Each structure stands twice: as C-alpha cells, then as structure tokens.
Ligand SMILES: C[S@@+](CC[C@H](N)C(=O)[O-])C[C@H]1O[C@@H](n2cnc3c(N)ncnc32)[C@H](O)[C@@H]1O
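Now the structure itself:
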C-alpha cells in the first residue's frame, strides 16, 4: 500500500462544511455615525481627494452585525490592506458571560473561528500580522488551525499575558491557579513582516551603583564614589540617615536621581577580552598598565568607551528608553507580558464590560509593535471597542465589528467620547490624546435575493436602485462608482470596462444607443431584468439577466452565521465523535 496523501492537520466534526457567503453591501446609519465638530478636526483629518469627507471619518468603520458576513463584505475593498488584526473571540470556556454567550461545542467553535480566520487572512496585508487572544481551553487547537491557515512558518510568537493574580475565588480551588492567557501572533508573510523594536520599563538596575564625581572636569579627572553617597550628598546627609529620613520614598527618589544623572551613573564591568575587537583590547591593556588613569576609546558610529583598571564603565544613560513619553530604564519586550496592570480596567472607555474588556495598554503595545500612523487595524470581535478606541487615539484607521447591541450601547458611546476628547482614561495621557476624527456606523444590508411566494428567488423589495447597483457591482467584481453624467455607468473593473445595472428590460433601440455611447474603446457589462437584441450583436456589450446571473454564486437569505449557529451534522458518525490533532495518512 502506498501513501497517497500525508498532511499534519487538525480534524474535527464538520470541518468540511463551509458556508457560501453572500458578499453583502453596507448601509450607513447616519444617526449613529459621528465626527468631531469641524473646528476640532485636525490636520490629520485631511480631506480625501474624491470625497468631501475627512479621511479619518471616512475610513473608520464601526460595523454592527455578524463578523463572518461583515468580513466577506469587506473583502472586495480591503483584501490585503489590513496591517494589524487583533481579535479576542469568545474563549469557549462554557461560562455564560453577562454580555455574550461563551460556551460552544469544540468542533462548532473550530468551524466558526476557521471560517472567520480564513477571511481575515485574505484581508491581512503582506507585511501585516494577526494577534489572537485566547485562553488555554482552545490554545492548542487554535494554534494548529492557524498553522494551517497562515502557515506554521509564519507563526511568530506565543505571548503569555498575565491578566490576573492568585486572589479571589479562583485561588481557593486546589491545584494551579490560572492567572494568564495567551496571544498567538502570526505574520501574513514572515519574510515581509518588519515589527518595531519595543522596550518595557524595568526597575532601577541596582548593579549601576557607582557615580562619577567630577564629571564636568573631563574624563581624565573622573573618579568614582558610591551612588548612595552621591544621593545622600544631595540632601546634605549620610546614606544611613537619608534612608531613615525618606523611609518608603527612598527608592522612588533614588530612581529619579539616577534618571536625572544617568550620564554619570556607571557600572564597572570586566569585558570579555577574547570576544572584543583589536582596538578595544588595546584600550583594556592600556588601562591595566595604568590603573589610575581613565582610558578613553572613541568609536565611529558606536558608543564611545571608557576603561579604568581594565574594567569598562557602562553608563546608565544607555539603558534609558523613551516609553510612553517617559525616560525609564527599558529592556527589550519579551513574550511574557506581565507588566500591564488591569487595575482601573473597569473605568476605561467609560463602559462596563465585565470579564471581556481588555486593557488599552495591551492593544497599544500590539499596535506599537506592528503599525504606524495611518495604518489600517481590524478587530472583528469588538466587545466594548477597546481596539477601535486605542487605534483611534494612536491615529490608525480602524474597522471594528460587533454582533450584539453593545455596538451602540458600548462602542458607539465610547468612540464618541474618544472623538470629543472627553475620554482621558486608558492610553490617552501616554499619547496626549485631545480628540478629533470620526467614524461611520454601518449595518449589513439584507440579502439581495429573497424567495417569493412561489419559491422563486427575486430581488429583495428592500433594495432600491442604488443598493441594487452597488450589490451587483460587488457580485460581478466591479468597483461601485456611479457616474453623475452617464446613466449607464455604475462602476468599473478596469479603466475601460464598466457596468450598468437596471431592473428594467432593455429593448433593441436602447441597447443600440448605449452601445454607441460606450464606443469601440470601452466595454460595458449590462445587468438587467430582460433584453431584446432582435438578433443583433453588440461587440462592446455583455448582457446578463438578474437574478439568473448571480443565482449560483452564493447562498442567499442566510443571516445567522453567529457563534450560536449549529454546524454539527444531525447524527455524527460514530467513529468521528472526537476532534483531535492528528497526522492523517490517507492510504491506498
Ligand atoms: C471577549 S469579547 C471582546 C472584548 C474586547 N476585546 C474588549 O476589549 O472589549 C468578544 C466579543 O465578540 C463578539 N462576538 C461574538 N461572536 C461574534 C460574531 N459572530 N460577530 C461579531 N462579534 C461577535 C461578542 O458579542 C463579544 O462582544
């Protein structure tokens, strides 16, 4: 027997079941869209070329509806454009959260998340990345699934996020107390992903315990005293007395002193003689031979070096990093994020979202890592709107999707107060947020086709001419851009290929006139109810009937793809009842 196919994959009940999604259009609810008062629009809210609307207003989208249909609806315009996706889907813990149902059968959960992740993959830019927040219930399964969609080679990190401490009711149970969850990080294409270098603040490094006394005089005259002596001198005291005097404030004030004098706080350290270059070795030798002298080594393009008694002096100033506008000792960001405190989380954004809301600081870190101003950020499980709020304050463009009513009870209100500048919680101070910008509040249009009383698919009565034209453009792969002057021009696919959508029937004379207007340099797709060509052929026209032309393109009138959808077969085959990560080998 030869092995026909061998692939490492996750299998589960219903994996092969895939929805054939209708690419819906969006409808704006102008009463819920919001933008800053004109006098508060900033230079960043520049007007785009073709729209008399501020860019920030035009590009930020709050979508109320199921994210599967929403992601599909975004695909045509935004495929390959999203720089960073952060999602925090229901964790599938079986707990009933106050604001959403979190507790789905595992296979069902995997199908639902897979369908969404595939669309997210399409939307992500080549140099973009995905961050999925998850707990340990589905972590293993989700990772294998993501390896399949994004490619194992594009898995960048698994971040451990400390989100609680071992207190409260969870600490009573025997065994280990869970205080962390995880963020899976995938690049769309690792070879194109260029994340920024980030630092986290760390406590004062007490190994830097020496202080240059006569710094102003020039290095030849430098000598050292201990840091605590220098600090106490500031207060005309002795180290022992000062500790007593300052009590609990001692460390805080000492740290401040170190930062203010970082250019003269040093740590003498023995260099690794064998792994340094020739000129550094020469300086070490010279310094050993003249132990009283400070030896200076000037270096091109690198930090200059100072040696005494064969030791190199490391300066505290080189450890300082600007983190959120403050100079602090920093160390490179690792995959353990245990420094983001959730203390005032309930207050952030001025909305209550118990258990689900994530700290703004966390999203800021994600966006700092992989985006710049103007980049597009997506969150398709928006919850209380943390991602949108943070992206907005950081001047990124954003798209957020939320299924439930918190789209307006939470997110819309939260974003409004971000835009007015009232929201001074979360990261506002760190980014000096003053307000500005805007967003559009969108809902998904109903299905384009509905069954009539005879069971035939017909155009939904809720569609007017414009909606129909826009929807047909989407189905036929055209960009909707209705012309003000040419009634037959509703959009384009290339510079010379156009589309005309009408519910009318077109007679020969009408077609002839349109054909003449279009001319021999252009082509036109006409989608109409019926047409009569009288046997004539129009070389520049392609004629299609609605709805026949689109009938088989997708499934129609299907609105509920939410996380409550039952994707399981009625009676699962006996041998398929468990989902498993497995090496499946199909043998002949
Ligand atoms: C854990 S919460 C996200 C919390 C968010 N990160 C925050 O900081 O507020 C998950 C959210 O996903 C939403 N959700 C679940 N299924 C959805 C779907 N099919 N489409 C859109 N949103 C959905 C839930 O209503 C819930 O608000």
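In the numbering used here, the protein residues as written are -15 to 572. All residues carry an ideal CB built from backbone N, CA and C; glycine is no exception. Predicted model, so just to flag it, every value in this text is computed and none were measured.
Limits of the beta strand (DSSP E) - the one that residue i falls within
{"i": "residue 289", "result": "289 to 292"}
{"i": "residue 0", "result": "Neither: residue 0 is in no beta strand (DSSP E) and is coded neither H nor E."}
{"i": "residue 305", "result": "304 to 307"}
{"i": "residue 435", "result": "433 to 435"}
{"i": "residue 45", "result": "45 to 48"}
{"i": "residue 422", "result": "422 to 428"}
{"i": "residue 363", "result": "360 to 363"}
{"i": "residue 141", "result": "139 to 146"}
{"i": "residue 298", "result": "295 to 299"}
{"i": "residue 471", "result": "Element bounds for residue 471: n/a, residue is neither H nor E."}
{"i": "residue 63", "result": "It is not in any beta strand (DSSP E) - residue 63 carries neither H nor E in the DSSP assignment."}
{"i": "residue 348", "result": "That residue, residue 348, is in no beta strand (DSSP E); its alpha helix (DSSP H) goes 344 to 354."}
CA-to-CA distance, residue j to residue i, given in whole angstroms
{"i": "residue 342", "j": "residue 71", "result": "11 Å"}
{"i": "residue 7", "j": "residue 459", "result": "7 Å"}
{"i": "residue 503", "j": "residue 542", "result": "40 Å"}
{"i": "residue 170", "j": "residue 349", "result": "16 Å"}
{"i": "residue 34", "j": "residue 506", "result": "Note that residue 34 has pLDDT 45, beneath the 50 cutoff, so the model's placement of it is unreliable and the number below is only indicative. Straight-line Cα distance between these residues: approximately 23 Å."}
{"i": "residue 446", "j": "residue 430", "result": "8 Å"}
{"i": "residue 290", "j": "residue 282", "result": "9 Å"}
{"i": "residue 268", "j": "residue 275", "result": "10 Å"}
{"i": "residue 233", "j": "residue 215", "result": "13 Å"}
{"i": "residue 452", "j": "residue 46", "result": "23 Å"}
{"i": "residue 199", "j": "residue 248", "result": "7 Å"}
{"i": "residue 314", "j": "residue 158", "result": "37 Å"}
{"i": "residue 529", "j": "residue 456", "result": "11 Å"}
{"i": "residue 202", "j": "residue 286", "result": "20 Å"}
{"i": "residue 284", "j": "residue 64", "result": "42 Å"}
{"i": "residue 395", "j": "residue 18", "result": "12 Å"}
{"i": "residue 266", "j": "residue 280", "result": "11 Å"}
{"i": "residue -5", "j": "residue 95", "result": "10 Å"}
{"i": "residue 420", "j": "residue 61", "result": "25 Å"}
{"i": "residue 574", "j": "residue 488", "result": "In the structure displayed, the chain extends from -15 to 572; residue 574 sits before or after that span and is not available."}
{"i": "residue 130", "j": "residue 426", "result": "29 Å"}
{"i": "residue 226", "j": "residue 398", "result": "47 Å"}
{"i": "residue 561", "j": "residue 50", "result": "Note that residue 561 scores a pLDDT of 30, beneath 50, so its modelled location is shaky; the value from the coordinates is reported in the next line. So the alpha carbons of these two residues sit roughly 28 Å apart."}
Buried/exposed call for residue i, threshold 16 Cβ in 10 Å
{"i": "residue 184", "result": "buried"}
{"i": "residue 4", "result": "exposed"}
{"i": "residue 160", "result": "exposed"}
{"i": "residue 379", "result": "buried"}
{"i": "residue 468", "result": "exposed"}
{"i": "residue 155", "result": "exposed"}
{"i": "residue 526", "result": "exposed"}
{"i": "residue 407", "result": "buried"}
{"i": "residue 576", "result": "An answer regarding residue 576 cannot be provided, because it is not within the stretch -15 to 572 covered by the chain."}
{"i": "residue 516", "result": "exposed"}
{"i": "residue 442", "result": "exposed"}
{"i": "residue 338", "result": "exposed"}
{"i": "residue 43", "result": "buried"}
{"i": "residue 302", "result": "exposed"}
{"i": "residue 0", "result": "exposed"}
{"i": "residue 474", "result": "buried"}
{"i": "residue 435", "result": "exposed"}
{"i": "residue 331", "result": "exposed"}
{"i": "residue 363", "result": "buried"}
{"i": "residue 80", "result": "For residue 80, the predicted structure reports a pLDDT of 39, less than 50, and the residue's modelled location is therefore unreliable. A value from the coordinates is still provided. Residue 80 should be labelled exposed."}
{"i": "residue 125", "result": "buried"}
Span of the alpha helix (DSSP H), counted from its first residue to its last, around residue i
{"i": "residue 545", "result": "Residue 545 -> no alpha helix (DSSP H), and no H or E assigned at all."}
{"i": "residue 91", "result": "90 to 107"}
{"i": "residue 271", "result": "262 to 273"}
{"i": "residue 479", "result": "It is not in any alpha helix (DSSP H) - residue 479 carries neither H nor E in the DSSP assignment."}
{"i": "residue 374", "result": "370 to 377"}
{"i": "residue 502", "result": "492 to 502"}
{"i": "residue 217", "result": "211 to 218"}
{"i": "residue 223", "result": "223 to 230"}
{"i": "residue 457", "result": "449 to 460"}
{"i": "residue 241", "result": "234 to 244"}
is_contact[residue i, chain D] using C-beta, thresh 9 Å
{"i": "residue 210", "result": "Included in the structure is just one protein chain, with no chain D present."}
Problem - Inter-stretch contact (C-beta, 8 Å, three-pair minimum) for the segment 320 to 333 and the segment 355 to 363 - result: no
Practice task
Pair every Cβ in the segment 289 to 299 with every Cβ in the segment 250 to 268, then say whether three or more of these pairs are closer than 8 Å.
Solution key: yes
Practice task
Determine, using beta-carbon pairs with one atom in the segment 162 to 182 and one in the segment 253 to 267, whether at least three such pairs fall under 8 Å.
Solution key: no
Problem - Inter-stretch contact (C-beta, 8 Å, three-pair minimum) for the segment 204 to 212 and the segment 135 to 147 - result: no
Exercise for the section: Could you say if the segment 86 to 100 and the segment 120 to 137 meet the contact criterion of at least three C-beta pairs nearer than 8 Å? Expected result: yes
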